[in-house]
Each structure stands twice: as structure tokens, then as C-alpha cells.
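So the sequence shown is residues 1 to 417, counted in UniProt numbering. Note that CB positions come from ideal geometry on N, CA and C, so glycine has one too. Notes for the one structure printed next.
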Amino acid sequence: MDEILQILREEEATLNLLIKTRMDGINSEAFYCKRKNEKQTRLCYICRKSNHLAKDCYYRKKNSPSTSQRNNSSRNGHVFTASHREEKLCDNIWILDSGASCHMAKESVWFKNISPEVMDIYLANKNSKMMSQGTGNVSAKTVSTKHCNSINLTITDVSYVPQLRCNLLSVTCLMDKGCKIKSENNCVLIYDKNDKLITKAFKNNGRLEIKLEPMYNSECFISDQSTNNYEIWHNRLCHLNCKYMLKMKDYIDIDNVNNFTCETCDISKVTRKTHHSIDELLHADLCGPINIESHGGAKYFMVIVDDFSGMYFTYFLKNKYEVFDIFSQFKAKYENLTDKRIKKIRTDNGLEFVNEQLDTYLANSGIFHEKTIPYNSESNGKAERANCVLLERARSLLYESKLPLKFWAEAINWVNS
Numbered sequence: 001m002d003e004i005l006q007i008l009r010e011e012e013a014t015l016n017l018l019i020k021t022r023m024d025g026i027n028s029e030a031f032y033c034k035r036k037n038e039k040q041t042r043l044c045y046i047c048r049k050s051n052h053l054a055k056d057c058y059y060r061k062k063n064s065p066s067t068s069q070r071n072n073s074s075r076n077g078h079v080f081t082a083s084h085r086e087e088k089l090c091d092n093i094w095i096l097d098s099g100a101s102c103h104m105a106k107e108s109v110w111f112k113n114i115s116p117e118v119m120d121i122y123l124a125n126k127n128s129k130m131m132s133q134g135t136g137n138v139s140a141k142t143v144s145t146k147h148c149n150s151i152n153l154t155i156t157d158v159s160y161v162p163q164l165r166c167n168l169l170s171v172t173c174l175m176d177k178g179c180k181i182k183s184e185n186n187c188v189l190i191y192d193k194n195d196k197l198i199t200k201a202f203k204n205n206g207r208l209e210i211k212l213e214p215m216y217n218s219e220c221f222i223s224d225q226s227t228n229n230y231e232i233w234h235n236r237l238c239h240l241n242c243k244y245m246l247k248m249k250d251y252i253d254i255d256n257v258n259n260f261t262c263e264t265c266d267i268s269k270v271t272r273k274t275h276h277s278i279d280e281l282l283h284a285d286l287c288g289p290i291n292i293e294s295h296g297g298a299k300y301f302m303v304i305v306d307d308f309s310g311m312y313f314t315y316f317l318k319n320k321y322e323v324f325d326i327f328s329q330f331k332a333k334y335e336n337l338t339d340k341r342i343k344k345i346r347t348d349n350g351l352e353f354v355n356e357q358l359d360t361y362l363a364n365s366g367i368f369h370e371k372t373i374p375y376n377s378e379s380n381g382k383a384e385r386a387n388c389v390l391l392e393r394a395r396s397l398l399y400e401s402k403l404p405l406k407f408w409a410e411a412i413n414w415v416n417s
């Protein structure tokens with residue numbers, strides 16, 4: 001216990017002595033400052049040392065940048081290259097800069113790819129900066145000389161700064177990649193990590209310049225494929241049909257590619273089938289009266305066309321009123337053969353189709369009756385076209401065989417058989 005008290009007394013005495021010494025120093029300095037005709041002694045209130053003020057204190061400058069400013073400074077770039085004359089530099093010249101914090105290029109033609117990344121580039125001039133438009137990899141090749149062959153280079157993490165007057169190679173970035181830099185007379189030698197000479201930077205007008213050639217210039221964006229490629233011309237001609245493409249072989253040099261498939265055409269030109277099975281839609285039309293009565297006494301013939309299969313069915317009638325009986329017989333026979341029910345029939349507005357008897361029969365059978373626009377035969381085009389085809393072929397048969405015209409029904413029946 002006595003030892004502890006002794007230690008506390010000694011510690012108290014030491015503190016009192018230090019406080020007294022400091023107060024005496026302050027009082028003496030204050031007294032000294034009041035003397036006339038003598039230079040005032042500067043006292044810093046931060047570190048309590050003389051010969052400087054607080055604004056110039058080392059401790060204040062050391063801790064002044066905030067955390068956010070320090071973080072931003074690590075992401076920003078710096079350029080310290082300076083020139084005492086205004087001159088135009090060659091676009092293929094890269095300046096070796098020991099003060100640049102990153103590689104910089106002024107034209108996008110150097111880049112193999114650019115990722116958009118905005119970054120401030122601070123210049124040596126006070127409060128001056130430029131804006132980087134992106135970062136990417138530069139593919140270039142050195143200019144061959146008698147002492148050094150041309151070498152293909154890939155420079156990574158290069159900033160794209162369009163406002164630059166010249167392209168810059170950062171010495172510190174090269175060193176970070178393991179490159180070695182050696183000076184020799186009026187040039188600087190750059191070696192890779194395996195001590196292989198990459199290129200030389202020659203002294204010119206107070207700068208160290210390296211001449212490189214871009215590998216990704218405007219010529220490199222031209223497709224390597226020849227223009228006679230079938231797929232290229234197919235795309236250029238807005239995905240033209242293959243049979244029309246082959247007709248153009250006399251005008252453009254294209255290859256005949258067998259089994260060529262185009263995914264774009266498959267997606268863009270696909271169409272939905274209007275009807276998916278037989279008996280889903282039937283077209284019917286009555287043709288006549290024909291001036292010459294047939295050998296069997298018919299003056300009309302009715303055509304029924306299946307929309308899905310395109311198959312024709314022909315029936316010969318002596319008058320219009322037989323339409324109901326003919327259709328009812330056809331329905332029973334056709335549904336029995338196909339094991340499917342007729343869902344819809346399309347006709348014109350003739351009285352042979354639009355009457356109470358047929359309408360009642362269709363309604364009881366569950367068949368929807370579509371009627372075309374009046375005085376517009378194109379609305380029932382498939383049936384009208386069938387009539388035209390059958391009559392033309394029948395006339396041809398009768399003319400060639402020298403048969404009388406009364407055999408027109410037999411000729412139509414033969415055409416449709």
C-alpha cells in the first residue's frame with residue numbers, strides 16, 4: 001500500500017512540473033510578443049509550435065481530405081504531360097508519360113471494345129480537367145525497324161478521352177503489369193516480364209514518343225466474309241424467297257446453298273392456317289342455266305369445294321329447286337366417309353341457297369351459313385374459280401374430240417374424276 005501511494009505522489013509531481021513548464025513558456029512568449037520593435041513570433045494553436053500558423057500546420061494538411069475525396073481521387077486520373085510549343089501530333093504517336101495515372105487514347109479507332117465509364121481526368125493546370133467517355137482494351141502493333149520486328153500488343157484498361165491532344169502511355173501502369181523500363185542514349189526501352197523487348201520510345205522535342213498502328217481501324221469493321229455469301233445477300237434483299245434469289249444469279253454472284261434455313265424467316269413469315277381440317281368450311285355455288293341441255297337433261301351444275309383439301313364435288317341439276325335435295329344427300333354421304341361433321345358453308349345470296357327450307361335444315365344440323373356480299377362474286381372466290389376451271393377444261397375436251405356440246409355434263413364429270 002505504501003509503495004502504491006509513493007508511485008501516485010511521484011506521478012502527481014511530474015504532471016505538476018510539466019504543466020508549470022508549459023505555462024511559463026506560454027507566458028514568456030506572450031510577454032516577448034509585447035515588446036516593441038521586435039519581430040512577432042508565430043504560434044500554431046494546433047500543435048503549439050512556433051514559426052508557423054495553423055493554416056500552414058503539417059498536422060492540419062495531413063488530415064484535411066475527407067474520406068469521400070480520397071476515394072474519388074483513387075478513381076480519377078491525372079495527366080502531367082506539358083509542352084512549351086503548340087504543335088499537331090501524329091495520330092499514331094503515343095507519348096510515354098511518367099505522370100499519367102492511366103493509359104489514355106483520344107480516338108475510338110484504337111479500341112477493340114469500349115465499356116461506358118465516366119471518369120474525371122485532372123490536368124497539371126490548376127482546376128483543369130477532362131472527361132473520360134469509357135474504358136476498353138486497345139489492340140495495336142509496333143512499327144518494325146531494322147533492330148526490332150513488329151509486335152502485336154494488347155493494352156488493357158485504356159481510357160477513351162476525346163479531348164486529349166495526344167495518346168498517353170502511363171509508366172506506372174506499365175510497371176504494375178511487370179514491364180521494365182530502361183533508358184539508353186536518346187530512347188527508352190520497354191521490356192515485358194520475361195525480359196523480352198517490346199518497343200522503344202524515342203526522344204523527340206522533349207518527349208518520349210512511341211509509334212503504334214491500330215489493328216481495329218475502319219477497315220477492320222468490314223466483314224471477313226465474301227460478298228457472294230448466300231446468307232448475306234438473303235439478308236440484304238430483305239429475306240427474299242429462295243427461288244427468287246436463284247433467279248438473280250446472273251446479276252449477283254451467290255452460292256446455291258442446299259438446305260438453307262433462316263430463323264428470322266421462320267419467325268417473321270409464319271402464318272396461321274385458316275382452317276385446320278376437312279369439313280370445317282365448304283364453298284358452294286350454282287352455275288347455269290346453260291343454253292344447251294345436257295345429254296341427261298341437266299341445265300345447271302353445282303360445285304362444292306372443301307376449303308382445307310381443295311377437293312371438288314360436282315352435281316348436275318335440271319332446275320334450281322333441286323339444290324336442297326342435292327346438298328342433304330351430299331351431307332349424309334360426306335360426313336359418313338370422313339367421320340366428321342360439316343361446321344360451316346359459304347354461298348352467295350341466290351334464292352336456291354337463301355330460302356326457308358335450307359335455312360331450317362342447316363340450323364337443325366348445327367351448320368353455320370355464311371352469305372357473301374351481294375353482287376360480289378369475289379367473296380366466294382374458291383367456288384367461282386372451280387366453276388371457271390371446270391368449264392374451260394370441258395370446252396377443251398369437247399373441241400378436241402369433236403363431240404356435240406350436249407355432252408358438256410359428261411366432260412365436266414370427266415375433268416373432275
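### Pairwise C-alpha distance: Arg341 and Thr347
18 angstroms
### Message
DSSP three-state label for Gly381, please.
### Response
helix
### CB of Ala100 within 8 angstroms of CB of Val138, strictly
no
#### Entry: Neighbourhood of Leu240 by C-beta, 7 angstroms cutoff - its chain only, sequence neighbours within 5 removed
His234
### Query
To the nearest whole angstrom, what separates the beta carbons of Asp157 and Cys102, a pair I think is in contact under 8 angstroms?
7 angstroms
### Message
The alpha helix (DSSP H) that contains Ala332, what's its start and end?
### Response
323-338
### Buried versus exposed call for Lys177 [16 or more other C-beta atoms within 10 Å across all chains shown]
exposed
#### Entry: Those residues which DSSP pairs with Tyr315 across a bridge
Met302
### Message
If distances are taken between C-alpha atoms only, which option among His295, Ile304, Leu153 comes closest to Tyr315?
### Response
Ile304
### Task
Just mark Ser417 as buried or exposed, buried being the case when its beta carbon has 16 or more other beta carbons within 10 Å.
exposed
### Task
Since I believe Tyr334 is in contact with Ala386 (beta carbons under 8 angstroms), could you give me their beta-carbon distance rounded to a whole number of angstroms?
The pair is not a contact, with the Cβ atoms about 16 angstroms apart (cut-off 8 angstroms).
### Query
Rounded to a whole number of angstroms, what is the C-alpha to C-alpha distance between Ser277 and Tyr230?
37 angstroms
### Message
Taking 8 angstroms as the threshold (C-beta atoms), are Gly134 and Ile151 in contact?
### Response
no
### Query
How big is the Cα-Cα spacing for Ser74 and Val171?
Residue placement at Ser74 is poorly supported in this model, since its pLDDT is 42, which falls under 50; the coordinates still yield a value, given next. Near 17 angstroms, if we compare the C-alpha coordinates of Val171 and Ser74.
### Message
Using only CA atoms, which one of Leu286, Asn380, Tyr251, Ile292 lies nearest to Asp307?
### Response
Asn380
### Task
With DSSP as the reference, label Asp307 as helix, strand or coil.
coil
### Query
Terminal residues of the continuous alpha helix (DSSP H) containing residue 418?
Any question about residue 418 goes unanswered here, given that the chain covers just 1 to 417.
### Query
What residues match up with Cys287 in a beta bridge as DSSP calls it?
Phe301
### Query
In terms of alpha-carbon separation, which member of Asn194, Lys203, Met175 lies closest to Asn185?
Lys203
### Message
Do Ile210 and Leu169 have their beta-carbon atoms positioned less than 8 angstroms apart in this structure?
### Response
yes
### Message
According to DSSP, Trp94 sits in a beta bridge with which residue or residues?
### Response
Asn167, Ile210
### Task
Assign His234 to one of three DSSP states: helix, strand, or coil.
helix
### Query
Distance, Cα to Cα, Trp110 vs Asp266?
39 angstroms
### Task
Kindly identify the DSSP beta-bridge partner or partners of Phe368.
Lys344
### Query
What is the DSSP secondary structure of Tyr361, counted as helix, strand or coil?
helix
#### Entry: Residue nearest to Cys179 in terms of C-alpha spacing, selected from Gln163, Lys200, Glu280
Lys200
### Query
Where does Asp97 land, buried or exposed, given buried means 16+ other C-beta within 10 angstroms?
buried
### Query
Between which two residues does the beta strand (DSSP E) harbouring Ile155 extend?
152-160
### Task
Give a single yes or no on whether Glu356 has its beta carbon closer than 7 angstroms to a heavy atom of the ligand SAM.
In the structure on display, the ligand SAM does not appear, and there are no ligands present to speak of.
### Query
Given a threshold of 16 other Cβ atoms within 10 Å of its Cβ, counted over all protein chains shown, does Ser183 qualify as buried or as exposed?
exposed
### Query
With contact counted as at least three CB pairs below 8 angstroms, one residue from each stretch, are the stretch 392-401 and the stretch 356-373 in contact?
no
### From Leu403, Pro404, Asn413, Tyr191, residue whose alpha carbon lies closest to that of Leu391
Asn413
### Query
Between the Cα of Phe261 and the Cα atoms of Lys249, Cys242, Ile254, which residue gives the shortest distance?
With the sequence shown as reference, residue 261 is identified as Thr, and Phe is not the correct amino acid for it. Thr261 has its Cα closest to that of Cys242, out of Lys249, Cys242, Ile254.
#### Entry: Contact belief for Met245 with Ile254 at Cβ below 8 angstroms, rounded distance in angstroms
7 angstroms
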